[in-house]
């Protein structure tokens, strides 16, 4: 079954244009400064203007405060807020109430207990994204090309819409969707030639592989 696609960590007009041409469903703008995919408010504003609402823009944040969120939401004309830090359900609820936008919560997965934690967000988030848990001490919470045991999601019947992230590429995304039944797939490093450098051909190939199953 075809899946929706989010191209995350977009930071250039070329990558944005490629995502739109390939009929991706979402673009992710990374507002976490340590990331090689980080975009400033100024860059985000330029990308938002270029997108001209042709594709929904999702802002990616890691334990950000309200002032930081507010500035980024305005600059990027964001359609959703993705929380990729240690935000508990209560924080997700606060963000959704404060900004009136859908909240996506990333859950870092290493074992079945991490899948089970999705239940705690049933009333406070709008969408869940299962990503691979990064090693202890990592500078980044994701975007490292790591996978987890996709079999953990094979029988998943959770309380919220959800998607799969972590190590998906043009070569394996069809298998990932077939194994998990993921209705959405999120890719960042899997369509890059180097950290933070999106490859236009890989973006096109990924979207084709995910959307034509």
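In this note's numbering, the protein residues as written are 3 to 215.
Glycine included, each C-beta is placed from N, C-alpha and C at the ideal position.
According to the DSSP assignment, residue 6 belongs to the beta strand (DSSP E) that extends over 6 to 9. With fewer than 16 other CB atoms across the displayed protein chains lying within 10 angstroms of its CB, residue 102 is exposed. For residue 66, the closest alpha carbon among the candidates 81, 50, 36 and 55 is that of 36.
Note that the C-beta distance between residue 20 and residue 206 is below 8 Å. With a cutoff of 8 Å on beta-carbon distance, residue 131 and residue 152 are scored as not near each other. By the neighbour-count criterion, in which 16 or more other beta carbons inside 10 Å mark a residue as buried, residue 110 falls on the buried side. The beta carbon of residue 13 is closer than 7 Å to those of 39, 41, 45 and 198 in its chain, skipping five residues each way along the sequence.
Inclusion of residue 60 and residue 34 in the CB contact set at 8 Å is not warranted, their separation being larger than that value.
Within the segment 94 to 179, the runs of alpha helix (DSSP H) at least 4 residues long that lie entirely inside it are, in chain order, 114 to 118. Under the DSSP definition of a beta bridge, residue 85 partners with 63 and 107.
Between the alpha carbons of residue 179 and residue 134 lies a distance of about 16 Å. Across the structure, residue 51 and residue 26 are spaced so that their CA atoms are roughly 18 Å apart. According to DSSP, residue 188 shares a beta bridge with 8 and 167. Per DSSP, the beta bridge partners of residue 200 are 194.
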